[in-house]
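Per UniProt numbering, the sequence shown runs over residues 1 to 247.
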Amino acid sequence: MAVDPLIELRDVNKHFGELHVLQDINLTVGRGEVVVVIGPSGSGKSTLCRAINRLETIESGSITIDGRPLPEEGKGLARLRAEVGMVFQSFNLFAHKTVLDNVSLAQLKVRKRKKDEADRRSRELLERVGLAAHADKFPAQLSGGQQQRVAIARALAMDPKALLFDEPTSALDPEMINEVLEVMQQLARDGMTMVVVTHEMGFARSAANRVVFMSDGCVVEDRTPEDFFTNPTSDRAKDFLSKILKH
């Protein structure tokens with residue numbers, strides 16, 4: 001159990017039709033922890049990540065954020081999504097808005113900041129992710145890696161307590177992956193609470209406090225990176241690692 005839990009899932013279940021995609025999930029993420037969720041395709045990783053932000057509803061069990069139950073809908077849900085930001089595979093930027101406006105928009109709508117305050121904060125964050133010079137460009141003028149860094153800046157602009165990443169590098173060309181992972185590693189060093197669904201084993205080794213391995217909708221292992229990668233205890237994890245690390 002984490003000393004200072006920020007995200008807690010208890011006995012969480014979810015079905016898609018006949019598929020039991022989350023099976024009695026119990027998971028605690030402590031404040032300042034980086035938890036990397038890995039596993040084969042279809043294991044429930046992304047559904048788990050999306051459930052924490054209530055982009056997927058659950059059928060039973062409970063999810064609490066900073067001691068508060070996950071709200072069903074309305075303003076409480078909007079506040080939750082401001083406090084628990086999410087970065088997706090696809091960047092979800094507004095094509096007709098500049099980079100600066102993409103980062104500022106939710107600050108204006110949800111945080112109710114004045115435009116000059118929001119733009120100032122946006123420029124600070126674009127500097128942080130190495131994109132200050134691109135503030136006035138449109139998303140189509142950026143590479144995939146740059147667009148994903150804009151998406152990270154946009155999530156940070158809400159001053160979240162935690163960030164969720166759903167395979168943030170899977171849509172990127174190989175040469176663009178590292179520029180996104182470097183930003184994420186810096187966030188980890190800065191103490192941001194993060195839940196990261198990824199296939200990037202190097203990131204899991206270097207940045208994670210814990211590695212959660214899922215298979216068939218279940219949490220099979222929840223261990224430190226060193227323990228998981230050097231001495232997995234389950235046959236499913238051993239088989240997964242033998243395939244993904246064989247090169």
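For each residue, glycine too, the CB sits at the ideal point set by N, CA and C.
Just so you know, these numbers come straight off a predicted model, no measurement behind them.
Check                                                                                                                   : Outcome
Distance CB(Phe91)-CB(Ala140) smaller than 8 Å                                                                          : no
Terminal residues of the alpha helix (DSSP H) in which Leu22 lies                                                       : Here Leu22 belongs to no alpha helix (DSSP H); instead the beta strand (DSSP E) covers 19-30.
Straight-line Cα distance separating Glu124 from Glu18                                                                  : 47 Å
Unbroken beta strand (DSSP E) run spanning Phe16, endpoints                                                             : 5-16
Residues of its chain near His134, where Cβ-Cβ distance is below 6 Å and the 5 sequence neighbours each way are ignored : Val99
Phe229 - containing alpha helix (DSSP H), residue span                                                                  : 225-230
Segment limits, alpha helix (DSSP H) that includes Val180                                                               : 174-189
Same chain, Cβ closer than 7 Å to Arg113, five either side skipped, listed in chain order                               : Gln107
Exposure label - Arg120; buried when at least 16 CB within 10 Å                                                         : exposed
Residue interval of the alpha helix (DSSP H) (run including Thr193)                                                     : Run containing Thr193: none in the alpha helix (DSSP H); it sits in the beta strand (DSSP E), 193-197.
Rounded separation between Leu241 and Phe94 - CA only                                                                   : 38 Å
Residues bridged to Gly85 (per DSSP)                                                                                    : Leu163
Ordered list of alpha helix (DSSP H) runs contained in the region 73-147, each at least 4 residues                      : 74-83, 99-109, 115-128
Beta-bridge partners of Asp222, as assigned by DSSP                                                                     : Val212
Cβ neighbour criterion (16 or more within 10 Å) applied to Phe16                                                        : exposed
For Val34: DSSP bridge partner residues                                                                                 : Met194
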